[in-house]
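Chemist:
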Ligand SMILES: C[S@@+](CC[C@H](N)C(=O)[O-])C[C@H]1O[C@@H](n2cnc3c(N)ncnc32)[C@H](O)[C@@H]1O
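Residue numbers (the numbering used here): 130 to 371.
And the structure:
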């Protein structure tokens with residue numbers, strides 16, 4: 130056989146594919162606008178060149194974070210059809226979208242965030258501080274039963290002081306775990322964002338006491354220059370009946 134497959138394409142097809150390939154290989158450069166800070170320009174440039182941002186847009190996910198959950202799920206099968214899932218720190222909604230796909234119409238997904246989350250059909254989403262004393266009861270009510278998975282991607286906005294940022298993210302993970310221990314069904318699962326450098330000893334001890342297996346995973350979609358990783362605990366032992 131002679132010639133390559135391109136020889137069978139119409140000129141229009143070849144032109145479109147050529148343009149798409151050129152667009153893929155083109156690195157988008159962002160000029161520093163007068164009123165834009167250098168850090169914002171860098172952020173914008175990174176966003177525009179990030180393959181997961183591009184993939185998220187192509188697949189209709191609201192955030193590149195969706196791929197982190199997809200990769201965690203591919204490794205450990207966190208969700209199945211009919212599961213009930215609580216998504217802590219759900220905005221803008223990438224993890225909620227993935228959860229809805231995994232649990233299907235028989236499942237249930239409930240999410241909470243400080244930020245407003247644009248409606249996602251099939252999910253119950255509330256705008257509230259997870260630290261609000263009323264949040265746990267409201268989430269439980271919306272779920273209408275025990276959860277199969279409690280997942281937290283919550284992160285407080287960085288204040289640029291590493292130690293404080295670390296403490297704040299660990300406090301969110303600990304509060305998420307305390308809630309998970311109240312709401313999970315036996316054999317349930319828990320996922321939380323933590324920072325490299327070690328999950329706090331107390332958190333690890335509590336996880337190991339309550340779950341069969343505790344792992345730390347940094348999914349490929351988690352940026353290499355970020356200290357973020359996820360602690361994944363599986364097979365919840367269940368609460369002791371009083
Ligand atoms: C990395 S984003 C989550 C991205 C999300 N998983 C997705 O896929 O779109 C972290 C979120 O945690 C939320 N968050 C931080 N502290 C919170 C709190 N105390 N209560 C509720 N949400 C919180 C932030 O508002 C932010 O939207």
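Positions of the beta carbon are idealized from the N, C-alpha and C atoms, including for glycine.
#1: Can you tell me the Cβ-Cβ gap for residue 239 and residue 268, rounded? I've got them flagged as a contact below 8 Å.
#2: Whose C-alpha, out of 282, 352, 354, 318, is nearest the C-alpha of residue 367?
#3: Should residue 339 be labelled buried (16 or more other beta-carbon atoms within 10 Å of its own) or exposed?
#4: Would you give the residue range spanned by the beta strand (DSSP E) that residue 237 belongs to?
#5: Report yes if the C-beta distance between residue 324 and residue 345 is below 7 Å; otherwise report no.
#6: Can you tell me whether residue 285 is helix, strand or coil according to DSSP?
#7: With 16 as the cutoff for other CB atoms within 10 Å, does residue 232 come out buried or exposed?
#8: How should residue 334 be labelled, buried or exposed, when 16 other C-beta atoms within 10 angstroms of its C-beta is the threshold for buried?
#9: Roughly how many whole angstroms lie between the Cα atoms of residue 179 and residue 355?
#10: Express the C-alpha separation of residue 208 and residue 314 in angstroms, rounding to a whole number.
#11: Would you mind stating whether residue 217 and residue 246 have Cβ atoms separated by less than 7 Å?
#12: Just to confirm my understanding: we take residue 129, look at its own chain, exclude 5 residues before and 5 after, and list those with CB closer than 8 Å. What are they?
#13: Name the residue from 304, 363, 224 whose alpha carbon lies nearest to the alpha carbon of residue 198.
#14: Extract the residue ranges of the alpha helix (DSSP H) inside the stretch 293-323, only unbroken runs of 4 or more that lie entirely within it.
#15: Would you report the Cα separation of residue 302 and residue 321, rounded to the nearest angstrom?
#16: Rounded C-beta distance between residue 277 and residue 214? I'm assuming under 8 Å.
#17: Give the secondary structure of residue 253 by DSSP, where H, G and I count as helix, E and B as strand, and everything else as coil.
#18: Does ligand 1 have even one heavy atom less than 6 Å from the beta-carbon of residue 375?
#19: Is residue 251 a contact residue of ligand 1, with contact defined as CB to any heavy atom under 6 Å?
Modeler: Short version:
#1: 6 Å
#2: 318
#3: buried
#4: 237-242
#5: no
#6: coil
#7: buried
#8: exposed
#9: 14 Å
#10: 13 Å
#11: no
#12: There is simply no residue 129 to check, as the chain begins at 130 and stops at 371 in what is shown.
#13: 224
#14: none
#15: 6 Å
#16: 7 Å
#17: strand
#18: This structure gives no information on residue 375, because the portion of the chain shown stretches from 130 to 371.
#19: no
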